[in-house]
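So the protein lines, in turn, are chains W and H.
My numbering numbers the first residue of the first sequence as 1 and each following residue consecutively.
My numbering numbers the first residue of the second sequence as 1 and each following residue consecutively.
Yeah, the Cβ is synthetic: ideal placement off N, Cα and C, and Gly gets one too.
Predicted model, so just to flag it, every value in this text is computed and none were measured.
Structure first, commentary second.
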Amino acid sequence: MMNRKLIVMMAALCAALLISGCWNRRELNDIAIVAAIGIDKRENGYLVTIQAVDPGEVASRQSDSGRPPVTTYYATGGSVIEAIRKMTTITPRKPYFAHLRILVIGEEMARSGIADILDVFSRDQEARTDFYIVAANGQEAREVLNVLTPLEKIPAGKMYKSLEVTERSWAPTVAVQLDELLRNLVDKGRDPVLTGIQTWGHESAKSAGTNSDKMDAPLDLKYRGIGVLKGDKLIGWLNLIESKGFSDITNRLQSTVIETDCPSGGKMTLEIIRSRSKIKGRLKDGRPEIDVYTKAEANVAEVSCRMKLMELGSIAELERKAEDVMKSNAEQAVSKAKRLGSDIFGFGEAVHRANPRYWNRVKDDWDKHFKQIPVRLHIHVQIKRVGTVGDSFMLQMKKSSGIMSSP
Amino acid sequence: MAVETDAPVHKLYADLRDNLRQIEADMGKSGDIVLREVSIGTAGRYSMALVYTDGLADKTLINDHILEGLMNEPALVEEAVQNAPSSGSLIQALSRHALAVDSIDPVGDFETLYDRLLSGDAIILMDGQAEGLAAGTRAWKERGVTEPSVESVIRGPREAFSETLRTNTSLIRRRIKDRNLWIETRRIGRLTKTDVAVAYLKNVASEEIVEEVFSRLDRIDIDGILESAYIEEMIQDESVTPFPTVYNTERPDVVAAELLEGKVAILVDGTPIALVVPALFVSFIHASEDYYHRADVSTLVRILRYAGILIALFLPSLYIAITTFHQEMIPTTLLISLAQQREGTPFPAFIEAVTMEVAFEILREAGLRMPRTIGPAVSIVGTLVIGQAAVEAGIVSAAMVIVVSTTAIASFVFPSYSLANAFRMLRFLLMGLAASFGLVGLTVGVFFLIMHLCSLRSFGVPYMSPFAPWKPADQKDALFRLPIRRMFTRPSLIARQNRRRLRHAPRKR
Chain W
1 MMNRKLIVMM
11 AALCAALLIS
21 GCWNRRELND
31 IAIVAAIGID
41 KRENGYLVTI
51 QAVDPGEVAS
61 RQSDSGRPPV
71 TTYYATGGSV
81 IEAIRKMTTI
91 TPRKPYFAHL
101 RILVIGEEMA
111 RSGIADILDV
121 FSRDQEARTD
131 FYIVAANGQE
141 AREVLNVLTP
151 LEKIPAGKMY
161 KSLEVTERSW
171 APTVAVQLDE
181 LLRNLVDKGR
191 DPVLTGIQTW
201 GHESAKSAGT
211 NSDKMDAPLD
221 LKYRGIGVLK
231 GDKLIGWLNL
241 IESKGFSDIT
251 NRLQSTVIET
261 DCPSGGKMTL
271 EIIRSRSKIK
281 GRLKDGRPEI
291 DVYTKAEANV
301 AEVSCRMKLM
311 ELGSIAELER
321 KAEDVMKSNA
331 EQAVSKAKRL
341 GSDIFGFGEA
351 VHRANPRYWN
361 RVKDDWDKHF
371 KQIPVRLHIH
381 VQIKRVGTVG
391 DSFMLQMKKS
401 SGIMSSP
Chain H
1 MAVETDAPVH
11 KLYADLRDNL
21 RQIEADMGKS
31 GDIVLREVSI
41 GTAGRYSMAL
51 VYTDGLADKT
61 LINDHILEGL
71 MNEPALVEEA
81 VQNAPSSGSL
91 IQALSRHALA
101 VDSIDPVGDF
111 ETLYDRLLSG
121 DAIILMDGQA
131 EGLAAGTRAW
141 KERGVTEPSV
151 ESVIRGPREA
161 FSETLRTNTS
171 LIRRRIKDRN
181 LWIETRRIGR
191 LTKTDVAVAY
201 LKNVASEEIV
211 EEVFSRLDRI
221 DIDGILESAY
231 IEEMIQDESV
241 TPFPTVYNTE
251 RPDVVAAELL
261 EGKVAILVDG
271 TPIALVVPAL
281 FVSFIHASED
291 YYHRADVSTL
301 VRILRYAGIL
311 IALFLPSLYI
321 AITTFHQEMI
331 PTTLLISLAQ
341 QREGTPFPAF
351 IEAVTMEVAF
361 EILREAGLRM
371 PRTIGPAVSI
381 VGTLVIGQAA
391 VEAGIVSAAM
401 VIVVSTTAIA
411 SFVFPSYSLA
421 NAFRMLRFLL
431 MGLAASFGLV
441 GLTVGVFFLI
451 MHLCSLRSFG
461 VPYMSPFAPW
471 KPADQKDALF
481 RLPIRRMFTR
491 PSLIARQNRR
501 RLRHAPRKR
């Protein structure tokens with residue numbers, strides 16, 4: 001009796017195995033790994049460009065056949081996914097999006113609204129949420145994706161890593177992932193931002209293939225500026241100083257470099273090694289107010305003046321100067337955002353946290369209120385270390401031909 | 001008197017001639033059965049015959065102690081004759097007075113006679129006596145106690161069982177000198193009449209298990225037992241499973257350790273492999289060396305062994321499942337590297353994996369039978385060169401070769417060969433599941449595997465104890481090994497009596 005049950009069960013199992021086959025099975029050489037995708041605006045829809053990896057060229061030690069490590073394909077379609085499927089008429093394999101690194105949105109596309117194209121990325125099962133989204137600064141996404149980069153075989157990889165590294169050590173860039181972007185689009189108390197990317201170098205050497213042969217690459221990719229969005233449309237860019245200020249206020253600042261003047265002339269550079277900011281909203285006399293508290297630790301990084309660092313009081317002076325610089329950066333960022341009318345810092349969120357009832361009243365035209373909200377910055381910089389030497393060697397140099405006398 | 005040519009259950013004849021003729025008729029003219037007729041006593045008035053098997057009997061003993069006394073000292077014989085009435089019969093008297101041999105048993109019928117004769121005893125028959133004697137003269141050439149061939153250790157005894165039952169039981173007795181070590185013998189196999197000894201510690205082993213062992217042994221009805229494997233197959237639990245439920249070993253120290261835990265050992269004459277029941281899953285993963293090194297090292301090595309088992313079982317399946325179904329789980333740079341390797345290869349990953357695994361199994365089997373001189377060379381050639389060549393020819397991808405070799409090496413981590421065999425089969429099954437259904441299939445396979453393992457029993461004891469019925473007290477010797485001082489109880493499901501090993505529970509310092 002028991003044996004019979006067993007046999008029937010085994011037979012059913014085998015039948016199930018044979019009938020269903022193996023769906024979803026893809027061999028590694030049936031997929032085209034898409035590392036970057038770019039979307040531009042066209043008349044009846046979108047132009048989608050994908051950067052697919054050629055594994056044979058990437059992984060081998062010598063790229064013998066002279067083919068570039070990535071290939072770009074593009075197609076137009078009424079919706080993003082239609083364009084992607086249309087691309088299969090050109091691609092030899094089906095595009096595989098699970099390892100997507102970068103989504104580049106062309107400037108024109110961003111200015112006309114990004115909400116429509118983002119749905120497919122959040123809905124599709126294959127796409128994950130760990131890729132970064134950037135906007136092309138003054139260019140089309142297709143141009144950006146067509147650039148081969150030195151040192152990093154897959155340009156999308158370079159874009160990805162570069163963005164992370166810059167955010168960590170230079171500050172005026174933000175690495176935005178899909179979930180954050182969607183959250184900011186939905187949240188009324190905060191407007192989204194996107195880092196800007198552009199090609200940089202000589203226009204003449206644009207075509208793929210010539211770049212990787214030279215040491216000083218004629219064309220490369222560079223991050224520049226932070227794009228401010230209002231709603232889902234790009235409306236403007238923050239410049240370098242404003243971007244730094246933005247990073248500072250939104251607690252994204254991890255490490256950056258601040259240049260200040262020495263008291264007796266000359267320049268001095270400090271390296272911020274740690275920074276934390278808190279935004280506190282408050283309601284005073286029925287009006288919202290914002291206080292931003294920043295605490296930063298810094299090291300003395302580069303000294304190009306004859307200043308006696310080890311004197312008592314000189315460090316404190318430097319700290320004050322650094323605070324001034326940071327404050328000025330932040331103020332410029334705030335005023336630019338107010339001019340553009342977009343609350344990219346999340347002040348609305350802070351007010352919401354402080355007084356939800358008030359927020360419920362004003363949230364629908366927060367942009368108006370945002371333009372007039374007073375923002376006070378409280379910045380405290382503490383210099384921890386001065387590196388491995390105390391006073392610079394320059395102090396002991398002979399006072400000769402005015403090297404250091406420039407103001 | 002008519003000579004009977006069949007059914008040797010007949011009693012011995014009083015006439016010597018008849019006996020000898022019967023023997024000749026029953027055994028044919030085998031050249032190694034020697035019949036020696038002598039005349040003993042004063043003036044040789046008594047006729048006697050000595051029957052023994054050349055090659056199985058100790059001729060020195062026969063010559064110096066049986067024949068010497070009987071033939072060269074007639075006074076001894078006459079003394080025996082005079083004492084005949086008090087000893088019962090003449091032949092009994094001879095046994096008591098004239099035969100200087102350490103063991104003598106009476107033989108009354110032909111079956112016993114052949115039994116003893118073919119075991120190496122010397123049969124003494126006397127004219128006029130309807131009873132014979134069997135003198136214990138067993139001796140033959142044996143391999144001797146050598147180093148273990150399969151289960152070698154770095155530290156520990158290097159004695160292994162030999163093919164003679166008596167030698168093996170002595171090796172066990174040397175290690176456990178307690179009177180509670182009971183060794184009972186049975187004869188199994190209608191034609192081979194193999195001696196099988198069952199050893200257990202009376203005051204530790206569970207009575208039910210011992211009874212069960214004997215009852216299963218007695219149920220065996222087969223013409224020949226050539227190796228303990230025959231016994232193993234006939235007494236193991238009925239379930240359909242690739243996993244062994246009887247443990248085997250060629251080391252007496254392992255057997256002694258198992259006996260101390262309350263298990264029952266079965267020794268079979270003619271093979272150095274002893275069986276131990278009941279066998280648990282953990283028995284096949286433990287090595288005797290774990291107890292000969294320090295506890296901390298042993299624990300780490302044991303954990304390493306478990307890791308090796310997981311690798312040996314799951315690595316190819318995981319590789320197939322992830323690279324064909326779940327590419328999103330691989331880090332991008334690794335994915336690109338793997339994709340590059342698969343660029344030129346014609347076969348899907350599953351076919352590649354199966355081909356390489358089968359090739360490896362073939363190499364392994366071939367290596368077993370190769371002459372010792374060229375064996376290692378060919379296996380190195382086989383694996384390295386062929387694997388390398390296959391990769392360069394673009395038939396398989398390099399990653400697959402790595403996976404298969406790692407699996408193969410990890411599979412040598414098993415101390416026990418029988419378990420390794422079970423896993424070899426399972427690996428292919430899991431690869432098939434992984435290739436069809438990805439990780440889902442693999443998970444289902446693992447699920448069924450665990451269910452199956454937990455449902456097994458070995459002589460009534462759950463196979464996966466101490467993991468399956470979770471006994472905290474038994475954990476001290478399962479995944480890790482606690483220092484000896486702390487191992488103060490025996491496994492609770494095996495030893496029903498006499499749980500405590502150490503005198504006192506460990507004191508905290």
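Three-state secondary structure (DSSP) of residue i
{"i": "Ser89 of chain H", "result": "coil"}
{"i": "Ala100 of chain H", "result": "coil"}
{"i": "Gln254 of chain W", "result": "coil"}
{"i": "Asn329 of chain W", "result": "helix"}
{"i": "Lys188 of chain W", "result": "coil"}
{"i": "Ser411 of chain H", "result": "helix"}
{"i": "Asp364 of chain W", "result": "helix"}
{"i": "Ser392 of chain W", "result": "coil"}
{"i": "Thr137 of chain H", "result": "coil"}
Unbroken alpha helix (DSSP H) run spanning residue i, endpoints
{"i": "Met513 of chain H", "result": "A query on residue 513 of chain H cannot be resolved here, the shown segment of chain H reaching from 1 to 509 and no further."}
{"i": "Ile249 of chain W", "result": "Leu240 to Ile249"}
{"i": "Asp218 of chain H", "result": "Glu207 to Asp218"}
{"i": "Asp291 of chain W", "result": "Where Asp291 of chain W is concerned, there is no enclosing alpha helix (DSSP H), although the beta strand (DSSP E) it sits in stretches over Arg287 to Ser304."}
{"i": "Gly69 of chain H", "result": "Glu68 to Asn72"}
{"i": "Lys193 of chain H", "result": "Segment: none, Lys193 of chain H is in no alpha helix (DSSP H) and carries neither H nor E."}
{"i": "Leu103 of chain W", "result": "Counting along the chain, Leu103 of chain W falls outside any alpha helix (DSSP H), though it belongs to the beta strand (DSSP E) covering Ile102 to Ile105."}
{"i": "Leu125 of chain H", "result": "From DSSP, Leu125 of chain H is part of no alpha helix (DSSP H) but of the beta strand (DSSP E) over Ala122 to Met126."}
Top-ranked residue by Cα proximity to residue i, from the options
{"i": "Lys41 of chain W", "options": "W:Leu240, W:Gly77, W:Arg25 and W:Gln254", "result": "W:Gly77"}
{"i": "Glu73 of chain H", "options": "H:Leu99, H:Val51 and H:Ala57", "result": "H:Leu99"}
{"i": "Ser170 of chain H", "options": "H:Leu61, H:Asp269 and H:Glu289", "result": "H:Asp269"}
{"i": "Gly132 of chain H", "options": "H:Gln92, H:Arg190, H:Leu334 and H:Leu335", "result": "H:Gln92"}
{"i": "Ala75 of chain H", "options": "H:Asp102, H:Val51 and H:Arg45", "result": "H:Arg45"}
{"i": "Ser162 of chain H", "options": "H:Gly156, H:Val153 and H:Ser149", "result": "H:Ser149"}
{"i": "Leu240 of chain W", "options": "W:Thr250, W:Lys368 and W:Tyr223", "result": "W:Tyr223"}
{"i": "Lys177 of chain H", "options": "H:Arg166, H:Glu184, H:Leu201 and H:Ile188", "result": "H:Leu201"}
{"i": "Val58 of chain W", "options": "H:Thr137, H:Leu338 and H:Ala473", "result": "H:Leu338"}
{"i": "Gly136 of chain H", "options": "H:Arg158, H:Gly144, H:Val240 and H:Val107", "result": "H:Val107"}
Inter-residue spacing [alpha-carbon to alpha-carbon] between residue i and residue j
{"i": "Gly209 of chain W", "j": "Pro68 of chain W", "result": "Annotation note: pLDDT 46 at Gly209 of chain W (below 50); position unreliable, no value reported."}
{"i": "Asn211 of chain W", "j": "Val351 of chain W", "result": "Because the pLDDT of Asn211 of chain W is 46, which lies under 50, any placement of that residue in the model is unreliable, and the number read from its coordinates should be weighed accordingly. Their backbone Cα atoms lie some 50 Å apart in a straight line."}
{"i": "Asn421 of chain H", "j": "Ala15 of chain W", "result": "27 Å"}
{"i": "Met9 of chain W", "j": "Ile311 of chain H", "result": "29 Å"}
{"i": "Gly344 of chain H", "j": "Val404 of chain H", "result": "19 Å"}
{"i": "Ala2 of chain H", "j": "Tyr114 of chain H", "result": "Bear in mind that the predicted position of Ala2 of chain H carries a pLDDT of just 45, short of 50, making it unreliable; the figure below should be weighed with that in mind. When rounded, the distance between both Cα atoms is 20 Å."}
{"i": "Phe447 of chain H", "j": "Leu429 of chain H", "result": "13 Å"}
{"i": "Leu103 of chain W", "j": "Leu335 of chain H", "result": "20 Å"}
{"i": "Leu253 of chain W", "j": "Gly313 of chain W", "result": "27 Å"}
{"i": "Val81 of chain H", "j": "Ala274 of chain H", "result": "47 Å"}
{"i": "Asp221 of chain H", "j": "Arg190 of chain H", "result": "7 Å"}
{"i": "Lys214 of chain W", "j": "Asp220 of chain W", "result": "Model confidence at Lys214 of chain W stands at a pLDDT of 47, short of 50, so the residue's coordinates are unreliable; what they give is reported in the following sentence. Roughly 12 Å between the two C-alpha positions."}
{"i": "Asp18 of chain H", "j": "Ile231 of chain H", "result": "39 Å"}
{"i": "Thr194 of chain H", "j": "Leu70 of chain H", "result": "33 Å"}
{"i": "Val440 of chain H", "j": "Ser317 of chain H", "result": "11 Å"}
{"i": "Arg175 of chain H", "j": "Ile33 of chain H", "result": "38 Å"}
{"i": "Arg361 of chain W", "j": "Lys368 of chain W", "result": "13 Å"}
Terminal residues of the beta strand (DSSP E) in which residue i lies
{"i": "His378 of chain W", "result": "Val375 to Arg385"}
{"i": "Arg282 of chain W", "result": "Lys267 to Lys284"}
{"i": "Tyr417 of chain H", "result": "Premise fails: Tyr417 of chain H lies in the alpha helix (DSSP H), Tyr417 to Ser455, not in any beta strand (DSSP E)."}
{"i": "Lys469 of chain W", "result": "Any property of residue 469 of chain W remains undetermined from this structure, which presents chain W solely from 1 to 407."}
Residues of the region 332 to 353 of chain H with a CB closer than 7 Å to any CB of chain W: list them in chain order, please. So the list reads Thr332, Leu335, Ile336, Ser337, Leu338, Ala339, Gln340, Arg342, Glu343, Pro348 and Ala349, given in the order they occur along the chain.
Interface residues of the region 126 to 146 of chain W facing chain H [CB-CB below 9 Å]: Glu126 and Arg128
Members of the region 415 to 445 of chain H that neighbour chain W once the beta carbon cut-off is set at 9 Å: Gly432, Leu433, Ala435, Ser436, Phe437, Gly438 and Gly441
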